[in-house]
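*Asks:* Sharing a structure, written as structure tokens. Questions coming.
In the working numbering, the protein residues as written are 1118 to 1257.
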């Protein structure tokens, strides 16, 4: 992580350990997360909630991509939008909803670092954020 990690506080976050309730959820998605990290370079912020892990790719809330993982698939927002015939305008609205949801929940986030193989990700524990992301994804 080096100097940039120190500047942005990632090295100050505690490591995700088995004492954190979402630890087992993250462990259960390890195979899918490995595929994601092998195919997508850059930062990832994981939001585990219920039976899914929501993934902000990049630097939320400014520039980011979005994906979610269920027990069978890694789904990305752009791919699902194409599959469902969602217009670029509506896709932009969904992205803005995701951005605003992230911003709105920023103060309630508990962040941890999770080291998986060669990847280092942020795990964001926030039931409010998770619930709102679930609602957005369920309405796509």
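Glycine residues also receive a C-beta, built at the ideal position from the N, C-alpha and C atoms.
State the start and end residues of the unbroken beta strand (DSSP E) segment that holds residue 1166.
*Replies:* Secondary structure note for residue 1166: its beta strand (DSSP E) is the uninterrupted segment 1161–1166.
*Asks:* Closer than 8 angstroms is the cut-off here; do at least three beta carbon pairs connect the segment 1184–1197 with the segment 1220–1227?
*Replies:* no
*Asks:* Which runs of the alpha helix (DSSP H), 4 residues or longer, sit entirely within the segment 1181–1250?
*Replies:* 1194–1201, 1205–1221
*Asks:* Going by other Cβ atoms of all chains shown within 10 Å of its Cβ, with 16 needed for buried, is residue 1162 buried or exposed?
*Replies:* buried
*Asks:* Could you give the distance in angstroms between the alpha-carbon of residue 1183 and the alpha-carbon of residue 1173?
*Replies:* 5 angstroms
*Asks:* Which same chain residues, not among the five before or five after residue 1231, have their C-beta less than 8 angstroms away from its C-beta?
*Replies:* Taken in chain order, the residues that qualify are 1132, 1133, 1143, 1163, 1237, 1238, 1239, 1240.
*Asks:* Given a threshold of 16 other Cβ atoms within 10 Å of its Cβ, counted over all protein chains shown, does residue 1247 qualify as buried or as exposed?
*Replies:* buried
*Asks:* So if DSSP puts residue 1140 in a beta bridge, which residue, or which two residues, is it bridged to?
*Replies:* BP columns for residue 1140 are empty, so no partner.
*Asks:* Using three-state DSSP, classify residue 1175 as helix, strand or coil.
*Replies:* strand
*Asks:* Taking the alpha carbon of residue 1139 as the point to measure from, which residue in 1160, 1153, 1168 has its own alpha carbon closest?
*Replies:* 1168
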